[in-house]
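Remarks on the structure that follows.
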Amino acid sequence: MCSPPESWPLALIRACERARAPTVFVALALLLGLWPAQAIDRLSLRVAEVSNPAFALQDIQVAFETGSGEAIVSVARLRAGERVLRDLRLRCPRAMLSADGFMCRDASLQFGNQRFPALLDLQINLGSGRAELVASFG
C-alpha cells in the first residue's frame, strides 16, 4: 500500500498510487527528503504613522523571530498629548502571533537610553479591536 503524507503535491500522490512496486515510493520519498524545507524565520512590518487626536506614533518597526518567539517593536517618535518621546523599544522575549492577534509576556520598555522600571504584558485582539497592557513593578 502506498500512503504518502498529505502535504505532498497531488501529482506525486497519484504517481505513488499508480506505482506497481514499493521501491518507486521509497525512491520518491528519498528524493523529496533531499529538498530543503522552506519556513519563515522572521516576520517584519514597518508602518510610517499611526495617529489620532490623543497620540501619534511615527516610524514603527516590528520584528518577530518565529524560532525563538522574540518580538521587538521600535517607534522612532511617540507623541501623547504635549509630551514627545523618541526612540522607544519594546523587547518581548515571549511573544505569540496568531490570526486572532498578538500576545507579549515579560516585555521590557526603553526610551532612548532610559529603561522603564517594570515588566509589561501586552495583548492585542484583532477580532474585538481591544488591547490590554499590564505593568508589573518591582
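Its first residue numbered 176, the sequence shown is counted upward by one per residue in the working numbering. Glycine residues also receive a C-beta, built at the ideal position from the N, C-alpha and C atoms. Remember, it's a predicted structure, so these values are computed and weren't measured experimentally.
Problem set entry | S303, DSSP secondary structure in three states | Here residue 303 refers to the residue found at position 128 of the sequence shown. Per DSSP, reduced to three states, the secondary structure at S303 is coil, with no helix or strand assignment.
For this session: Spell out the partners DSSP gives G276 in its beta bridges.
Result: Locating residue 276 in the sequence shown gives position 101, counting from the first residue. Beta-bridge pairing links G276 to N300.
Problem set entry | the segment 212 to 232 touching the segment 251 to 268, judged by at least three CB pairs closer than 8 angstroms | Flag = yes, the segment 212 to 232 and the segment 251 to 268 touch.
Problem set entry | Whole-angstrom distance between R258 and C279, CA atom to CA atom | Against the sequence shown, residue 279 aligns to sequence position 104. Against the sequence shown, residue 258 aligns to sequence position 83. Roughly 26 angstroms separates the two Cα atoms.
For this session: Check whether the Cβ atoms of S219 and V237 sit closer than 8 angstroms, and answer yes or no.
Result: Along the sequence shown, one-based indexing puts residue 219 at 44. Along the sequence shown, one-based indexing puts residue 237 at 62. Their beta carbons are under 8 angstroms apart, which means S219 touches V237 by this criterion.
Problem set entry | Other residues of its chain near P292: CB distance less than 8 angstroms, five sequence neighbours each side excluded | Within the sequence shown, numbered from 1, the residue matching residue 292 stands at position 117. Answer for P292: F312, listed in chain order.
For this session: Would you mind working out which of L263, G256, N300, R269 sits nearest E245, comparing C-alpha positions?
Result: Within the sequence shown, residue 245 is the residue found at index 70, counting from 1. Nearest C-alpha to E245 among L263, G256, N300, R269: R269.
Exercise. What's the call for L308, buried or exposed, on a 16-neighbour Cβ count within 10 Å?
Worked result: As a first step, residue 308 must be located in the sequence shown, where it is residue number 133. Exposed, because fewer than 16 other Cβ atoms sit within 10 Å of the Cβ of L308.
For this session: Enumerate in chain order the residues of its own chain whose CB-to-CB distance from L263 is below 6 angstroms, with the five nearest sequence positions on each side excluded.
Result: As a first step, residue 263 is located in the sequence shown; it is residue number 88 there, counting from the start. For L263, where only same-chain residues beyond five positions count, the Cβ hits under 6 angstroms are V250, L253, F286.
For this session: In the DSSP assignment, find the beta strand (DSSP E) that holds D234 and state where it starts and stops.
Result: For the purposes of this step, residue 234 is taken as the residue at position 59 of the sequence shown. 230 to 240 is the extent of the beta strand (DSSP E) around D234.
Exercise. Would you call the CB atoms of P265 and A282 closer than 8 angstroms?
Worked result: Taking the sequence shown and counting its residues from 1, one reaches residue 265 at position 90. Taking the sequence shown and counting its residues from 1, one reaches residue 282 at position 107. The displayed chain sequence assigns Leu, not Pro, to residue 265. Yes, the Cβ-Cβ distance between L265 and A282 is below 8 angstroms.
Problem set entry | Sequence-distant residues of the same chain with beta carbon closer than 6 angstroms to E224, five excluded per side | The count along the sequence shown starts at 1 and reaches residue 224 at position 49. Residues Q233 of the same chain have their beta carbon placed closer than 6 angstroms to that of E224, with the five preceding and five following residues left out of the count.
Problem set entry | Neighbour-count burial assignment, A196, 16 or more Cβ in a 10 Å radius | As a working note, residue 196 is residue 21 in the sequence shown. Unreliable positioning characterises A196 in this predicted model, as indicated by a pLDDT of 44, which lies under 50. The coordinate reading is nonetheless provided below. Using a 10 angstroms sphere on the CB of A196, the tally of other CB atoms stays under 16, which defines it as exposed.
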